[in-house]
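Chemist: Chains as they are written, first to last, in the working numbering: chain A, 1 to 220; chain B, 221 to 440.
For every residue, glycine included, the Cβ atom is placed at its ideal position computed from N, Cα and C.
2 protein chains.
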Amino acid sequence: MKVTVMEDILSRNDKLASENRERFSRGKIFAVNLIGTPGAGKTTILEKTLAALKGEMKIAVIEGDLFTSKDAERIEKLGIKVKQINTTGGCHLDASMVTAAIDEIGIEGIELLIIENVGNLVCPAEFDLGEDMKATVFSVTEGDDKPLKYPIIFKEAEAILLNKLDILPYTNFDLSKASDDLKKLNPTCSLFKVAATTGEGLSAWFDFLRGKVKSKGEKS
Amino acid sequence: MKVTVMEDILSRNDKLASENRERFSRGKIFAVNLIGTPGAGKTTILEKTLAALKGEMKIAVIEGDLFTSKDAERIEKLGIKVKQINTTGGCHLDASMVTAAIDEIGIEGIELLIIENVGNLVCPAEFDLGEDMKATVFSVTEGDDKPLKYPIIFKEAEAILLNKLDILPYTNFDLSKASDDLKKLNPTCSLFKVAATTGEGLSAWFDFLRGKVKSKGEKS
Numbered sequence: 001m002k003v004t005v006m007e008d009i010l011s012r013n014d015k016l017a018s019e020n021r022e023r024f025s026r027g028k029i030f031a032v033n034l035i036g037t038p039g040a041g042k043t044t045i046l047e048k049t050l051a052a053l054k055g056e057m058k059i060a061v062i063e064g065d066l067f068t069s070k071d072a073e074r075i076e077k078l079g080i081k082v083k084q085i086n087t088t089g090g091c092h093l094d095a096s097m098v099t100a101a102i103d104e105i106g107i108e109g110i111e112l113l114i115i116e117n118v119g120n121l122v123c124p125a126e127f128d129l130g131e132d133m134k135a136t137v138f139s140v141t142e143g144d145d146k147p148l149k150y151p152i153i154f155k156e157a158e159a160i161l162l163n164k165l166d167i168l169p170y171t172n173f174d175l176s177k178a179s180d181d182l183k184k185l186n187p188t189c190s191l192f193k194v195a196a197t198t199g200e201g202l203s204a205w206f207d208f209l210r211g212k213v214k215s216k217g218e219k220s
Numbered sequence: 221m222k223v224t225v226m227e228d229i230l231s232r233n234d235k236l237a238s239e240n241r242e243r244f245s246r247g248k249i250f251a252v253n254l255i256g257t258p259g260a261g262k263t264t265i266l267e268k269t270l271a272a273l274k275g276e277m278k279i280a281v282i283e284g285d286l287f288t289s290k291d292a293e294r295i296e297k298l299g300i301k302v303k304q305i306n307t308t309g310g311c312h313l314d315a316s317m318v319t320a321a322i323d324e325i326g327i328e329g330i331e332l333l334i335i336e337n338v339g340n341l342v343c344p345a346e347f348d349l350g351e352d353m354k355a356t357v358f359s360v361t362e363g364d365d366k367p368l369k370y371p372i373i374f375k376e377a378e379a380i381l382l383n384k385l386d387i388l389p390y391t392n393f394d395l396s397k398a399s400d401d402l403k404k405l406n407p408t409c410s411l412f413k414v415a416a417t418t419g420e421g422l423s424a425w426f427d428f429l430r431g432k433v434k435s436k437g438e439k440s
């Protein structure tokens, strides 16, 4: 029974996600679903990304949180168009929430849409929002065993940002083991080793996004 | 529709959780539901707790994970009775999984049962397993904004272990802000400030558990 219900919810979600994807395609908008556990550094990476790219392209942000608007307030300070979604306890965004958010903020003229999902290493991986790409943020303080323990979210990602490299020396995180496991799980993903607070390694991520946005913009 | 389905699932879960709670009560078993985000340090705290208490009382462990048995293997090395539950992608344990696990391992004579939930700061808070107490592990590397952003799991906990204090100097975590927020969310909880890898602060947690197990054992 439970499985059937879940399949119904997922199939309805997939239909709405396809409609979102079609809208992003028509608008030549590159949409990123930014996922990772609470505290992995998603919002800090987002802030740095917006600061680096906002002069070059039109960007909008959708912020997913359980109850608060703390992250949206951080983004608004950067002068970026942002819509907060509160899931009132729900553990992930779904496609219908994204549809409502883009209806409200309007995405006309937007080139890059970043959707920051609820902090959670499990559920967001299962719900397609219509994005072009999932980017998973994973920090070294979470432990090098996590890719094999939570494989789906790492398999689904086109980009993985391995964050908090600045505090690597104070952890027992084995960087080569984690890199090997990530490459085995997801051989084609782009892996960025970064420290969001210091900015280390982020320029490669910015260039990657620039390339994606440009490529989407050129599609007929 | 979705809400009704969720209510059905929760009400069925609550019924099974009550049956588990009744079994723990008859057996005078103190049951802990250990929750927290992936990488907060649940398994390391569990290992240290088992090493400290296994000579004093009979302990069993249930390990919840998506797919692997990595954590159960860590526990087995300590000579503790352990049952691995794989949720095959599911984001939390539920009461029926715990029922099946205690049927299989047998809990006759056990005084302390520790159930390590799937790493997730959202979903495990909503599913009663029949435990006496939820203990939430929260590490300083997750950021001091997390109690207000993920309040349910902190409100539900009788004990909160604030972990990784040893790397606090390398983070921007505001300890007094986080402590204040936790106390506001949950004024009666017991807060333990610990560093699982060094053992700092854990003796107070061990004493707290000793008291709980003794008290449960004396109930008629």
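Is the CB-CB distance between Ile-279 (chain B) and Leu-313 (chain B) below 9 Å?
Modeler: Contact flag unset, no.
Chemist: What's the gap between the Cα of Asn-306 (chain B) and the Cα of Lys-290 (chain B)?
Modeler: The straight-line gap from Cα to Cα measures roughly 11 Å.
Chemist: Per the contact definition of three or more C-beta pairs closer than 8 Å, is the region 150 to 159 of chain A in contact with the region 121 to 134 of chain A?
Modeler: Flag = yes, the region 121 to 134 of chain A and the region 150 to 159 of chain A touch.
Chemist: Quick check for students: name the residue ranges of the beta strand (DSSP E) that lie wholly in the region 60 to 128 of chain A, counting only runs of 3 or more.
Modeler: Segments of the beta strand (DSSP E) lying fully in the region 60 to 128 of chain A: 81 to 86, 112 to 116.
Chemist: Taking 9 Å as the CB-CB limit, is Gly-225 (chain A) close to chain B?
Modeler: With chain A running from 1 to 220 in the structure shown, residue 225 (chain A) is simply not present.
Chemist: Using a Cβ cut-off of 9 Å (strictly closer), state whether Ile-343 (chain B) contacts chain A.
Modeler: Looking at the sequence shown, residue 343 (chain B) is not Ile but Cys. Output row for Cys-343 (chain B): interface = yes.
Chemist: Tell me which residues of the region 32 to 60 of chain A have at least one Cβ-Cβ distance to chain B shorter than 7 Å, keeping chain order.
Modeler: So the close ones are Thr-37, Pro-38, Gly-39.
Chemist: Does DSSP put Glu-276 (chain B) in a helix, a strand or coil?
Modeler: Correct three-state label for Glu-276 (chain B): coil.
Chemist: Determine the direct distance from the alpha carbon of Glu-328 (chain B) to that of Asp-65 (chain A), and round the result to whole angstroms.
Modeler: Rounded to whole angstroms, Asp-65 (chain A) to Glu-328 (chain B) spans 43 Å at the Cα level.
Chemist: For Ile-380 (chain B), which beta-bridge partners are listed by DSSP?
Modeler: According to DSSP, Ile-380 (chain B) bridges with B:Thr-356, B:Leu-411.
Chemist: Taking Cβ to Cβ, would you say Leu-382 (chain B) is nearer than 9 Å to Ser-359 (chain B)?
Modeler: Yes. Within cutoff.
Chemist: Can you list the residues of chain A that Lys-432 (chain B) reaches, using a CB-CB cut of under 9 Å?
Modeler: Under the 9 Å cutoff, chain A gives no residues; its nearest Cβ is about 28 Å from Lys-432 (chain B).
Chemist: Taking its Cβ as the centre, do 16 or more other Cβ atoms sit within 10 Å of Asn-173 (chain B), making it buried, or is it exposed?
Modeler: Chain B is shown from 221 up to 440; residue 173 (chain B) falls before or after that span and cannot be answered.
Chemist: Counting only Cβ-Cβ distances shorter than 8 Å, please list the residues of the region 139 to 159 of chain A near chain B, keeping chain order.
Modeler: Against chain B - using a Cβ distance shorter than 8 Å - the residues of the region 139 to 159 of chain A are Ser-139, Thr-141, Glu-142, Gly-143, Asp-145, Lys-146, Leu-148, Lys-149, Tyr-150, Pro-151, Ile-152.
Chemist: What in chain A is Cβ-close to Thr-319 (chain B), meaning under 7 Å?
Modeler: Going along chain A, no residue has its Cβ under 7 Å from Thr-319 (chain B), so there is no contact; the nearest lies around 16 Å.
Chemist: Are Leu-34 (chain A) and Ala-196 (chain A) closer than 9 Å when you measure CB to CB?
Modeler: Going by C-beta atoms, Leu-34 (chain A) is not nearer than 9 Å to Ala-196 (chain A).
Chemist: Please determine, among A:Lys-146, A:Val-98, A:Glu-19, the residue with the shortest C-alpha to C-alpha distance to Leu-182 (chain A).
Modeler: That would be A:Lys-146, whose Cα lies nearest to the Cα of Leu-182 (chain A).
Chemist: Would you call the CB atoms of Phe-30 (chain A) and Met-133 (chain A) closer than 9 Å?
Modeler: In contact: Phe-30 (chain A) and Met-133 (chain A) (Cβ atoms closer than 9 Å).
Chemist: Evaluate Asp-348 (chain B) with the Cβ neighbour count: other Cβ atoms within 10 Å of its Cβ, from every protein chain shown; 16 or more gives buried, anything less gives exposed.
Modeler: It counts as buried.
Chemist: Can the beta-carbon of Val-414 (chain B) be found closer than 9 Å to that of Lys-262 (chain B)?
Modeler: Not in contact: Val-414 (chain B) and Lys-262 (chain B) (Cβ atoms no closer than 9 Å).
Chemist: So is Thr-198 (chain A) buried or exposed if we call it buried at 16+ other beta carbons inside 10 Å?
Modeler: Thr-198 (chain A) should be labelled exposed.
Chemist: So, for Ala-464 (chain B): in the same chain, excluding its five sequence neighbours on each side, which residues have a beta-carbon less than 7 Å away from its beta-carbon?
Modeler: The question about residue 464 (chain B) has no answer here: the residues shown for chain B are numbered 221 through 440.
Chemist: If contact is defined by three or more beta carbon pairs under 8 Å, each pair taking one atom from either stretch, is the region 73 to 91 of chain A in contact with the region 9 to 24 of chain A?
Modeler: Contact between the region 9 to 24 of chain A and the region 73 to 91 of chain A is absent, because fewer than three Cβ pairs lie under 8 Å.
Chemist: Taking the straight line between their C-alpha atoms, what separation do you get for Leu-112 (chain A) and Glu-19 (chain A)?
Modeler: Cα to Cα, Leu-112 (chain A) sits roughly 18 Å from Glu-19 (chain A).
Chemist: Applying a beta-carbon distance threshold of less than 9 Å, which residues of chain B neighbour Ile-167 (chain A)?
Modeler: In chain order: Thr-361, Ile-387, Tyr-390, Thr-391.
Chemist: Applying the criterion that 16 or more other CB atoms from any shown protein chain within 10 Å of the CB defines a buried residue, is Gly-90 (chain A) buried or exposed?
Modeler: Looking at its Cβ environment, which holds 16 or more other Cβ atoms inside 10 Å, Gly-90 (chain A) is buried.
Chemist: Just mark Glu-362 (chain B) as buried or exposed, buried being the case when its beta carbon has 16 or more other beta carbons within 10 Å.
Modeler: Buried is the call here.
Chemist: What's the C-alpha gap between Pro-45 (chain A) and Ala-320 (chain B)?
Modeler: A small fix is needed here, since residue 45 (chain A) is Ile in this sequence, not Pro. Near 42 Å, if we compare the C-alpha coordinates of Ala-320 (chain B) and Ile-45 (chain A).
Chemist: Just to confirm the assignment, what range does the alpha helix (DSSP H) spanning Ala-424 (chain B) have?
Modeler: Ala-424 (chain B) -> alpha helix (DSSP H) spans 422 to 438.
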